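Protein chains in written order, with our numbering: chain A, 10 to 376; chain B, 88 to 181.
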């Protein structure tokens with residue numbers, strides 16, 4: 010197969026291939042894909058997104074580590090095309106990229122660490138319904154174009170613009186399926202409390218992306234359908250306070266509550282803050298246990314010995330140092346009495362800290 | 088009919104850099120250390136510092152031990168180190 014380098018646009022080179030089949034193969038040859046086929050980024054498809062956005066294609070959103078490629082509006086639009094995004098999804102991708110470029114997220118570290126954390130994009134606000142996100146059965150997974158293609162577009166930006174290739178330079182030991190696409194939306198209809206973005210200081214009418222650098226979801230049978238809430242909290246906290254978790258160094262965890270779990274917690278009189286406080290209180294391990302996990306140097310400021318007496322084997326080491334370190338999201342199907350929930354553990358104090366950004370739509374969704 | 092594809096990769100801005108002046112000898116100079124404090128390198132780094140200091144008799148020492156192994160040292164700290172040292176030894180990785 011041959012491809013001809015064609016005219017240069019303002020910011021992007023153009024290549025000519027024979028047909029659609031050749032285009033898909035060409036993208037593989039150029040290492041432009043995450044391993045799955047991509048939608049060929051033709052001029053017309055990319056222009057549809059650029060026309061919708063109405064922004065300067067050369068506008069730089071940021072520099073994506075570790076390769077330090079410049080993420081212009083056009084480059085993001087190209088990658089969104091390849092991921093299968095509709096034009097109206099793209100502002101969400103742009104906001105997500107802006108968010109993870111905040112220094113506290115430490116994107117260079119998230120991209121290159123031997124850990125297996127990936128940016129999880131949590132969408133909340135009116136666009137969840139307007140753009141057709143699936144917030145019910147399988148909300149983390151397959152079957153919904155909005156979450157699948159937005160999550161994948163973020164990955165393709167990290168891949169193609171950031172040069173985030175496994176091996177060199179990215180050293181993630183295992184990765185996880187969320188490295189393909191990792192996006193979930195909040196079900197405000199089932200959420201008995203304030204929306205995630207409202208809790209984080211945004212207006213209810215805003216659509217906001219909140220991102221954390223986290224591991225794959227671990228399903229928890231919380232027994233929220235029939236268990237007393239004290240036991241449900243104990244089970245949820247137990248899933249967080251595992252010895253292999255980097256949370257011993259600080260940092261965030263995302264806990265996704267199924268609607269039933271959230272409803273029963275609320276029905277038992279727990280506010281969102283009370284739920285968080287209870288889980289933070291319970292997500293601990295004894296010093297005796299934690300000493301078996303040699304995380305970081307004892308001299309390191311993040312070491313748990315800075316907050317707990319390391320000489321007292323019975324003292325409890327908290328996995329979440331503050332309720333703000335626990336992100337609570339309501340999403341998923343009704344489920345069964347098992348009250349399935351999921352937790353995604355963060356990279357620890359090292360980075361991937363939770364960041365939020367308001368989505369700016371060019372049209373009617375949000376001015 | 089042929090298809091034209093746009094390149095999705097990002098342009099990398101090449102920063103200009105000028106070669107630093109070569110140091111003729113390392114002995115008796117102002118030495119800087121930037122160490123990531125990775126747990127697996129603590130003992131090695133301590134030994135390295137001792138060996139360097141024994142061999143080079145530095146005029147002065149300036150240390151940056153990063154609080155977060157996995158994030159860059161604060162820019163201001165690095166700039167200060169550049170001003171106060173003739174050369175620096177940087178410990179990265181694990």
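In this text, a Cβ means the ideal position worked out from N, Cα and C, and glycines have one as well.
Note that the structure is predicted; figures quoted are calculated from it, not measured.
If you ignore the 5 residues before and after residue 173(A), its C-beta comes within less than 6 Å of the C-beta of 120, 167, 179, all in its own chain and listed in chain order. When C-beta atoms of the region 124-140 of chain A are compared with those of the region 102-116 of chain B, fewer than three pairs fall below 8 Å, so the two segments do not count as touching. Where residue 35(A) is concerned, the enclosing alpha helix (DSSP H) starts and stops at 29-38.
The Cβ of residue 177(B) sits no closer than 9 Å to any Cβ of chain A. Judged by their CB atoms, residue 129(A) and residue 192(A) are nearer to each other than the 9 Å cut-off. Around the Cβ of residue 206(A), a 10 Å sphere holds 16 or more other Cβ atoms; the residue is buried. Minimum Cα-Cα distance from residue 158(B) among the listed residues 146(B), 170(B), 117(B), 125(B) corresponds to 125(B). Counting along the chain, residue 290(A) sits inside the alpha helix (DSSP H) bounded by residues 281-291.
Linking residue 292(A) to residue 274(A) through their CA atoms gives a straight-line distance of about 17 Å. Distance from the CA atom of residue 277(A) to the CA atom of residue 227(A), rounded to whole angstroms, is 25 Å. Residue 203(A) sits in coil when the DSSP states are folded into three classes, being neither helix nor strand. Runs of beta strand (DSSP E) with 3 or more residues, each lying fully within the region 176-255 of chain A, are found at 192-194, 217-223, 227-230, listed in chain order. Between residue 83(A) and residue 93(A) a beta carbon distance of about 18 Å is seen, past the 8 Å cut, so the two are scored as non-contacting.
Per DSSP, the unbroken beta strand (DSSP E) holding residue 262(A) starts and ends at 262-266.
For residue 327(A), DSSP records a beta bridge to 293(A). Put simply, the region 310-321 of chain A does not touch the region 331-342 of chain A. Fewer than three CB pairs are less than 8 Å apart. Contacts between residue 137(B) and chain A, judged by CB atoms closer than 8 Å, are missing: the closest CB pair is about 17 Å apart. Using beta-carbon distances, residue 302(A) does not count as an interface residue toward chain B, since no partner is under 9 Å.
The Cβ atoms of residue 169(B) and residue 119(B) lie closer than 9 Å to each other. With contacts defined as CB atoms closer than 9 Å, residue 103(A) and residue 73(A) fail to qualify as a contacting pair. Under DSSP, residue 73(A) forms a beta bridge with 78(A). Legend: CB atoms of the region 21-54 of chain A lying less than 7 Å from CB atoms of chain B belong to residues 21, 22, 23, 24, 25, 26, 27, 28, 29, 32, 35, 41, 49, 50, 51, 52. Non-local beta-carbon contacts of residue 248(A) in its own chain, meaning distances under 8 Å to residues more than five positions away in sequence, involve 227, 229, 352 in chain order. Only residues of its own chain outside the window of five on either side were considered, and among them 294, 298, 299, 301, 302 have a CB closer than 8 Å to the CB of residue 252(A), listed in chain order. Counting C-beta pairs closer than 8 Å gives fewer than three between the region 51-63 of chain A and the region 141-149 of chain A, which falls short of the contact rule. With fewer than 16 neighbouring CB atoms inside 10 Å of its own CB, residue 345(A) falls in the exposed class.
Neighbours of residue 89(B) across chain A, judged by C-beta separation under 7 Å: 25, 26, 27. 367(A) is the residue among 268(A), 116(A), 367(A), 162(A) whose C-alpha sits nearest the C-alpha of residue 212(A). In the DSSP assignment, residue 109(A) falls within the unbroken alpha helix (DSSP H) covering 99-109.
Neighbours of residue 76(A) in chain B, taken as residues whose beta carbon is under 9 Å from its own, are 96, 97, 99 in chain order.
Membership of residue 53(A) in the alpha helix (DSSP H) is indicated by the continuous run 52-62. For residue 152(A), the secondary structure class from DSSP, reduced to helix, strand or coil, is coil.
When Cβ pairs closer than 8 Å are counted between the two stretches, the region 214-226 of chain A is seen not to touch the region 281-291 of chain A, the count staying below three. Residue contact check for residue 165(B) against chain A: no CB pair falls below 9 Å. Under the 9 Å criterion on CB atoms, residue 154(B) is classed as interfacial with respect to chain A.
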